[in-house]
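Numbers 260 to 499, taken from this note's numbering, label the letters of the sequence shown in order.
Each remark here refers to the structure printed beneath this line.
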Amino acid sequence: MTLDLIAVGDSTVDVVIPVPRFLKGNEDSLHSAGMERHMGGSSNYLITASRLGLRVGVVDCIGDDSLGDFYRAGLEAEGVDTSRIIVRRGGRTTGCVVVLTNRGKHAYIGLEGVSQTLTADELDEDYVAGTKAFFMSGYPLAEAPISGAVVKALRAAHTAGRHVFFDPSPIADKIQKEKLIEAVKSTDTLILNDREMGLVATALGVESEPASLIRLGAKRVVLKRGSDGCSIHTSKEMRD
Numbered sequence: 260m261t262l263d264l265i266a267v268g269d270s271t272v273d274v275v276i277p278v279p280r281f282l283k284g285n286e287d288s289l290h291s292a293g294m295e296r297h298m299g300g301s302s303n304y305l306i307t308a309s310r311l312g313l314r315v316g317v318v319d320c321i322g323d324d325s326l327g328d329f330y331r332a333g334l335e336a337e338g339v340d341t342s343r344i345i346v347r348r349g350g351r352t353t354g355c356v357v358v359l360t361n362r363g364k365h366a367y368i369g370l371e372g373v374s375q376t377l378t379a380d381e382l383d384e385d386y387v388a389g390t391k392a393f394f395m396s397g398y399p400l401a402e403a404p405i406s407g408a409v410v411k412a413l414r415a416a417h418t419a420g421r422h423v424f425f426d427p428s429p430i431a432d433k434i435q436k437e438k439l440i441e442a443v444k445s446t447d448t449l450i451l452n453d454r455e456m457g458l459v460a461t462a463l464g465v466e467s468e469p470a471s472l473i474r475l476g477a478k479r480v481v482l483k484r485g486s487d488g489c490s491i492h493t494s495k496e497m498r499d
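Pasting the structure below:
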């Protein structure tokens, strides 16, 4: 079966804790109604794509813990191919505590796990080259050793002429410059918001504008604008 889209890395479970407001400082105290587990990371793209009728898959590592069971079951329930997920025995699944206020503001606490341990040797290039599109997140591209696997997947997809989507994420400035340059140059659709564009532009020494990233090699820049939607930029036009 030919897949339409795959992702490598960023398999994360979000643990969401709703609060009335952020803590003000030392020894401040709040009460929460509880916490919930949600699918996080690249699963949001994969699940959305699957619901739109695309055949999707993921390559990554999870732990043999409750979060890992939750994550894999969540993907499988949505029809996502999990055959390339590696379970690290005794390992902990990557998570993220999301502190969410009543006004929709949020803060994050990353919970390190085994996702970042995926190696280039564990990635099957044929699985990547055999798909129609490859989605790449900035999170695994900023971590070792998984960044090696992500770059290997990027090169396999690019060489095979597959469509490459790249979301640099809020930690774009943590990505090694050489990897970030290669990612932007090899990207068909670069997806980011104003802040992330600023991080990428600063890291690469260019102006913080879509045209600068297009000149570096990105074929298309999708600039996310929250509730205002997005704007799509190419070398020839801009559309809202």
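Idealized CB from N, CA, C, for every residue including glycine.
Bear in mind that the values here come from a model prediction, so they are computed numbers and not experimental data.
Worksheet item: Based on Cα-Cα distance, which residue from Met298, Val387, Lys483, Thr352 lies nearest to Met260?
Response: The option with the nearest alpha carbon to Met260 is Val387.
Worksheet item: Out of Ser342, Gly293, Gly284, Met395, which has the shortest C-alpha to C-alpha gap to Ile303?
Response: Sequence check: residue 303 is Asn here, not Ile. The residue among Ser342, Gly293, Gly284, Met395 with its C-alpha nearest the C-alpha of Asn303 is Met395.
Worksheet item: In its own chain, which residues sit with a C-beta less than 7 Å from the C-beta of Arg351, not counting the 5 before and 5 after it?
Response: Cβ neighbours of Arg351 beyond the five flanking positions: Gly322, Asp324, Gly372, Val373.
Item to complete: For Ala412, name the three-state secondary structure that DSSP assigns.
Response: Helix, per DSSP.
Worksheet item: So, do the region 476–488 and the region 434–446 have three or more beta carbon pairs nearer to each other than 8 Å?
Response: Short answer: they touch.
Practice prompt. Let me know the secondary structure DSSP gives Met298 once reduced to three states.
Written response: In the three-state reduction of the DSSP assignment, Met298 falls in the strand class.
Worksheet item: What's the call for Gly312, buried or exposed, on a 16-neighbour Cβ count within 10 Å?
Response: Under this definition Gly312 is an exposed residue.
Practice prompt. Consult DSSP for Lys483 and reduce its assignment to one of helix, strand or coil.
Written response: Of the three classes helix, strand and coil, the one that applies to Lys483 here is strand, per DSSP.
Fill in: Cβ separation of Gly333 and Met298, assumed to be a contact under 8 Å, to the nearest whole Å
Contact between Gly333 and Met298 holds: their C-beta atoms lie close to 5 Å from each other, under 8 Å.
Worksheet item: Does the beta-carbon distance from Ala408 to Leu377 come in below 8 Å?
Response: Ala408 is a Cβ neighbour of Leu377, given a cutoff of 8 Å.
Item to complete: Taking the CB atoms as reference points, tell me whether Ala392 and Asp263 lie closer together than 8 Å.
Response: In contact: Ala392 and Asp263 (Cβ atoms closer than 8 Å).
Worksheet item: So Glu441 packs on Val410, CB below 8 Å; how close in whole Å?
Response: With 8 Å as the limit, Glu441 and Val410 qualify as a contact, their Cβ atoms being about 7 Å apart.
Item to complete: Please name the residue in Glu455, Gly464, Ala419 whose C-alpha comes closest to that of Val437.
Response: Note that residue 437 is Glu in the sequence shown here, rather than Val. Taking Glu437 as reference, the option from Glu455, Gly464, Ala419 with the minimal CA-CA separation is Gly464.
Discussion item. What residue range does the alpha helix (DSSP H) around Ile204 cover?
Written reply: Residue 204 lies beyond the residue range present for the chain, which begins at 260 and ends at 499; the question has no answer from this structure.
Worksheet item: Should Thr360 and Pro279 be called a contact, given that it needs their Cβ atoms to be closer than 8 Å?
Response: Yes, they are a contact pair.
Worksheet item: Under the rule that 16 or more other beta-carbon atoms within 10 Å means buried, what is Arg484, buried or exposed?
Response: With fewer than 16 other beta carbons inside 10 angstroms of its own, Arg484 counts as exposed.
Item to complete: For the beta strand (DSSP E) containing Asp340, list its first residue and its last residue.
Response: Per DSSP, Asp340 belongs to the beta strand (DSSP E) from 340–347.
Worksheet item: Which of helix, strand or coil does DSSP assign to Arg474?
Response: DSSP places Arg474 in helix when its eight states are reduced to three.
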